[in-house]
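Engineer: Following this message is one structure expressed as structure tokens.
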Amino acid sequence: MEVLDIIKPENQVFCKSHLMTDTPLSYCPGCGHGTANNLIMEVIDEMGISEDTIGVAPVGCSVLAYDFMNIDMTQAAHGRAPAVATAIVRTWPEKYVFTYQGDGDLAAIGTAETIHACNRGENIVIFFINNGIYGMTGGQMAPTTLEGMKSSTSPYGREIATMGSPLKITELIANLPGVYSVSRHALHTHKHVRKAKIAIRRAFENTRLKKGLSFIEILSNCNSGWKMTPNDANDWMVENMFPYFPLGDIKVENKLKV
Amino acid sequence: MAKVRGAIVVDTQVCKGCEVCIPVCQENVIGMSNDINRKGYHYAYMKNPDACNGCTNCGTVCPDRAITVYRVKVATEPLKH
Numbered sequence: 051m052e053v054l055d056i057i058k059p060e061n062q063v064f065c066k067s068h069l070m071t072d073t074p075l076s077y078c079p080g081c082g083h084g085t086a087n088n089l090i091m092e093v094i095d096e097m098g099i100s101e102d103t104i105g106v107a108p109v110g111c112s113v114l115a116y117d118f119m120n121i122d123m124t125q126a127a128h129g130r131a132p133a134v135a136t137a138i139v140r141t142w143p144e145k146y147v148f149t150y151q152g153d154g155d156l157a158a159i160g161t162a163e164t165i166h167a168c169n170r171g172e173n174i175v176i177f178f179i180n181n182g183i184y185g186m187t188g189g190q191m192a193p194t195t196l197e198g199m200k201s202s203t204s205p206y207g208r209e210i211a212t213m214g215s216p217l218k219i220t221e222l223i224a225n226l227p228g229v230y231s232v233s234r235h236a237l238h239t240h241k242h243v244r245k246a247k248i249a250i251r252r253a254f255e256n257t258r259l260k261k262g263l264s265f266i267e268i269l270s271n272c273n274s275g276w277k278m279t280p281n282d283a284n285d286w287m288v289e290n291m292f293p294y295f296p297l298g299d300i301k302v303e304n305k306l307k308v
Numbered sequence: 022m023a024k025v026r027g028a029i030v031v032d033t034q035v036c037k038g039c040e041v042c043i044p045v046c047q048e049n050v051i052g053m054s055n056d057i058n059r060k061g062y063h064y065a066y067m068k069n070p071d072a073c074n075g076c077t078n079c080g081t082v083c084p085d086r087a088i089t090v091y092r093v094k095v096a097t098e099p100l101k102h
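Listed in order, the protein sequences are those of chains E and C.
Numbered per my numbering, the first sequence spans residues 51 to 308.
Numbered per my numbering, the second sequence spans residues 22 to 102.
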């Protein structure tokens, strides 16, 4: 059988979601943001809720999402996405509202909004893309930057004595009673992508059932910020980020996993 | 027994040549082209098309969703004893 005999519309098993716009993704090659954007849109497409979903993208690389996601999107001030999402979901309680934030946005500038929205248990989904660096502005040190990790504002590596330890904001908010489910995922292999997709699906199902806030952290590479090739960056992420930010469920159905 | 054959089509203008699809391909089907696209990236292509089984691993990790996957079941001759 020739390749051209296989390439027929009836044999197609995988393609780009039609909820993504035709705009080419302006993320760097190999960036996890692209996969994350596509996964969220695939889940929304499968659930058939594209008409009822509103996304909030604040500042950072994550803001570019509104160019690519072909659903209703709004932008928020830096870090204030959970506050805007709170307003939207309280105005339209039947809508599916999600925020899509990076680590500089959610864990540094928007810490207050994040923690209070989680504490109130708003019926939203928060996607937290953690790459341990401020990617868009040139690779400055973020709260989640690992110990000894070099960035443009910590050229000799992060020093715990003066700069503090990397912030585990996901574990922090998992302890809040308003948060219904918390999990951490990665997108560097097909297995991890499929697991993350299941988690995203579960988060939107929680929203449908009005269970409360679902929080999904996605570890991503930032190959231009880390100054590596995409595959090297993925390997570095497995070696260095996974021990400090272990993958898996942290809170399921309002119960902390020990 | 039916055999599964697959094929991928790479959108050469969308592919950014990040090579994330290469390590996830268990059958070692994907290679990087010597040619470049409009943006100047070496794009992915099927260097070993006969081995592809359409598992969609490459498509799921592709950040730009440049890969479309096709799969078909091929009837083979029954085993002779």
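Cβ atoms here follow ideal geometry from the backbone N, Cα and C, with glycine treated the same way.
Would you kindly report the start and end of the unbroken alpha helix (DSSP H) that includes His166(E)?
Structural biologist: If you look at His166(E), you'll find it in the alpha helix (DSSP H) that goes Thr161 to Arg170.
Engineer: Give me the DSSP bridge partner(s) of Ile179(E).
Structural biologist: Gly152(E) and Ile268(E)
Engineer: For the stretch 68-97 of chain C, which residues have a beta carbon sitting closer than 7 Å to at least one beta carbon of chain E?
Structural biologist: Per Cβ criterion, the list reads Pro70, Gly75, Thr77, Asn78, Gly80, Thr81, Val82, Pro84, Asp85, Arg86, Thr89, Val90, Tyr91, Arg92, Val93 and Val95.
Engineer: Please name the residue, chosen from Lys66(E), Glu92(E), Met51(E) and Glu144(E), that lies closest to Pro70(C) on a Cα-to-Cα basis.
Structural biologist: Met51(E)
Engineer: With a threshold of 16 other CB atoms inside 10 Å of the CB of Glu92(E), please say whether the residue is buried or exposed.
Structural biologist: Under this definition Glu92(E) is a buried residue.
Engineer: Near Ala204(E), which residues of its chain fall below 8 Å by C-beta distance, leaving aside the five closest residues on each side in sequence?
Structural biologist: The sequence shown places Ser at residue 204(E), not Ala. Cβ within range, chain order: Met191, Thr195 and Met213.
Engineer: Taking 8 Å as the threshold, find out whether the stretch 51-67 of chain C comes into contact with the stretch 26-39 of chain C through three or more Cβ pairs.
Structural biologist: yes
Engineer: Pop quiz: Ile51(C) and Cys83(C) are said to be a contact at Cβ under 8 Å. What is the actual Cβ separation, rounded to whole angstroms?
Structural biologist: That pair is no contact at about 10 Å.
Engineer: Name the DSSP bridge partner or partners of Ser204(E)?
Structural biologist: Ser201(E)
Engineer: Looking at C-beta atoms only, is the number of pairs between the stretch 123-133 of chain E and the stretch 154-170 of chain E that lie closer than 8 Å three or more?
Structural biologist: yes
Engineer: Does any C-beta atom of chain C lie closer than 8 Å to the C-beta of Asn61(E)?
Structural biologist: yes
Engineer: How many angstroms separate the CA atom of Val41(C) from the CA atom of Gly80(E)?
Structural biologist: Between the alpha carbons of Val41(C) and Gly80(E) lies a distance of about 6 Å.
Engineer: Give every residue of the same chain whose Cβ lies closer than 8 Å to the Cβ of Asp155(E), excluding the five residues on either side of it in the sequence, and list them in chain order.
Structural biologist: Pro108, Val109, Gly110, Ser112, His128, Gly129 and Ala131
Engineer: Which residues, in order along the stretch 280-300 of chain E, keep a beta-carbon less than 8 Å from a beta-carbon of chain C?
Structural biologist: Pro280, Asn281 and Asn284
Engineer: Exposed or buried, what is His83(E) when buried is set at 16 or more other beta-carbons lying within 10 Å of its beta-carbon?
Structural biologist: buried
Engineer: Under 8 Å: do the stretch 113-124 of chain E and the stretch 197-211 of chain E share three or more Cβ pairs, one atom per stretch?
Structural biologist: Between the stretch 113-124 of chain E and the stretch 197-211 of chain E, the count of Cβ pairs shorter than 8 Å is below three; the stretches do not touch.
Engineer: Just tell me which of Val147(E), Ala135(E) and Ile223(E) has its CA closest to the CA of Ile99(E).
Structural biologist: Val147(E)
Engineer: Is there a C-beta anywhere in chain B that falls below 8 Å from the one on Val243(E)?
Structural biologist: Reference to chain B is not applicable here, since the protein chains of this structure are E and C.
Engineer: Between which two residues does the alpha helix (DSSP H) holding Val19(C) run?
Structural biologist: With chain C represented from 22 up to 102, any question about residue 19(C) goes unanswered, as that position is not in the structure.
Engineer: Phe177(E) versus chain C: which residues are under 9 Å apart at the beta carbon?
Structural biologist: Result: empty, since nearest Cβ-Cβ is about 15 Å, beyond 9 Å.
Engineer: Kindly provide the ranges of any beta strand (DSSP E) runs that are 3 or more residues long and lie completely inside the stretch 232-280 of chain E, ordered along the chain.
Structural biologist: 263-269
Engineer: Give the range of the alpha helix (DSSP H) segment to which Phe118(E) is assigned.
Structural biologist: Annotation: the continuous alpha helix (DSSP H) that includes Phe118(E) extends over Ala115 to Phe118.
Engineer: Is Asp72(E) buried or exposed, if buried means 16 or more other CB atoms sit within 10 Å of its CB?
Structural biologist: exposed
Engineer: Taking 7 Å as the cut-off, is the C-beta of Glu267(E) nearer than that to any heavy atom in the ligand GTP?
Structural biologist: Absence of the ligand GTP from the depicted structure is noted, as is the absence of any ligand whatsoever, leaving it without description.
Engineer: Give a yes or no on whether 8 Å exceeds the smallest Cβ distance from Val35(C) to chain E.
Structural biologist: yes
Engineer: DSSP on Val288(E), reduced to helix/strand/coil?
Structural biologist: helix
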